[in-house]
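Counting with our numbering, you get residues 296 to 548 for the letters of the sequence shown. Worksheet: one structure, shown below.
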Amino acid sequence: MILTDAVVLITGGRRVGAAIAHALADRGANVALTYRRSRDQAEATAVEVQRRGGRGLALPADLAQPDQAERAVAVTLERFGRLDILLNLVSDYERVAFDDLTADHLTRMVATNLNAPFYVAVAAARAIRANSPGPHGLKGKILFYGDWMTDRPEPGLLPYLTAKGALTTLTLGLAVELAPEITVNLIQPGTVLPPPNLDEDEARRILQTTPLQRFGSPEDIVAATLFLLEGTDFATGAILRVDGGRFLGSPAR
């Protein structure tokens, strides 16, 4: 798919999302970004998109509310006239011991990690379907960003992984529903830009169980994203792990 003049809606993803937005702008795309709390970061990214030659827009939205998800798509259409690509980076993460679980833990994780992507994807797909078809009838693309641990769970993450596992099913279901007009794929990142509060023991454990023996970078996810956007139009329902091999679960030699 050609990215020049394409209109892309990115949900969430402050750090990785910003790197993706920059790469898209470098290719001539226009980018709208949603935010819930990180207004300054989203607006700074939109300004940088414009500096790089694209048009940028930062939109406040709580995408777990269906009306706000629909409004984010509607405002993007109003501002840019069309929508070609949706990148669903919106996510939330919470670790909780099994004995401390409450219904609220699941409610929170499902709201952000499943409901929000569902609502905005449905609204975006309806907008993308209005486009004129390109080669092989393709009108646009949707990418979700999940977690490799849905296939190899670790303890303490049950509500989070339940929601992310459903996101994988959403990817596969939409790929069938929207073909051949829209491709729908999923990227499963490993540890990218480890949080500043990650203690040394946990960081060491992660590296010991990652065959490539390093944390990922935003550029690793940017490269995978660009491959699925412009590198191939013959992938839908694909699940691409970009985790340094950590899914394999064995220490590097």
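Yeah, the Cβ is synthetic: ideal placement off N, Cα and C, and Gly gets one too. The model shown is predicted, which means the values in this text are computed figures rather than measured ones.
Whole-angstrom distance between residue j and residue i, CA atom to CA atom
i	j	result
A320	F393	43 Å
T505	D442	15 Å
P361	R331	14 Å
L456	T407	12 Å
V326	R350	6 Å
G376	L493	43 Å
G308	L467	22 Å
T329	K434	22 Å
N383	L465	12 Å
D399	R541	30 Å
P491	M404	22 Å
R322	V370	23 Å
R334	E472	34 Å
L469	T463	10 Å
M444	A458	12 Å
G526	A533	14 Å
E497	Q503	10 Å
P450	D387	17 Å
R499	G432	48 Å
Q336	L452	28 Å
L401	L521	32 Å
E495	P489	11 Å
Same chain only: Cβ atoms within 7 Å of residue i, ignoring 5 sequence neighbours per side
i	result
A519	I482, L535, V537
E338	A353
A539	Reading off the sequence, residue 539 comes out as Gly, not Ala. For G539, where only same-chain residues beyond five positions count, the Cβ hits under 7 Å are G485, T505, P506, L507, R509, G511.
G524	Position check: residue 524 holds Leu in this sequence, whereas Gly was assumed. Within the same chain, L524 has close Cβ partners M296, L298, I380, K436.
D446	F542
L372	L378, A422
P448	L456
Whether residue i touches residue j by CB criterion (8 Å)
i	j	result
V517	A301	no
E476	R424	yes
V385	A418	no
Y440	A364	no
A461	L543	no
V487	V311	yes
I305	A316	yes
A416	L381	yes
A356	R366	yes
P454	E389	yes
V368	L378	yes
Strand pairing of residue i, partner residues [DSSP]
i	result
F510	Partner(s): none; F510 has no beta bridge.
Y440	I482
R435	This sequence places Gly at residue 435; Arg is not what is there. G435 pairs with I477.
T306	T329, N383
V487	G511
R541	None; R541 has no bridge partner.
A353	L328
R536	Q483
Residues near residue i in its chain [Cβ-Cβ closer than 6 Å; skip 5 each side]
i	result
A324	L298, A301, V303, G349
L396	none
I501	T486
R374	L352
Own chain partners of residue i with C-beta closer than 8 Å, once the 5 adjacent residues on each side are dropped
i	result
A474	T531
F529	none
A359	A406, T407, N410, A411, Y414
With three or more C-beta pairs closer than 8 Å as the rule, is the region 325-345 touching the region 427-442? The count of Cβ pairs closer than 8 Å, one atom from the region 427-442 and one from the region 325-345, stays below three, leaving the stretches out of contact.
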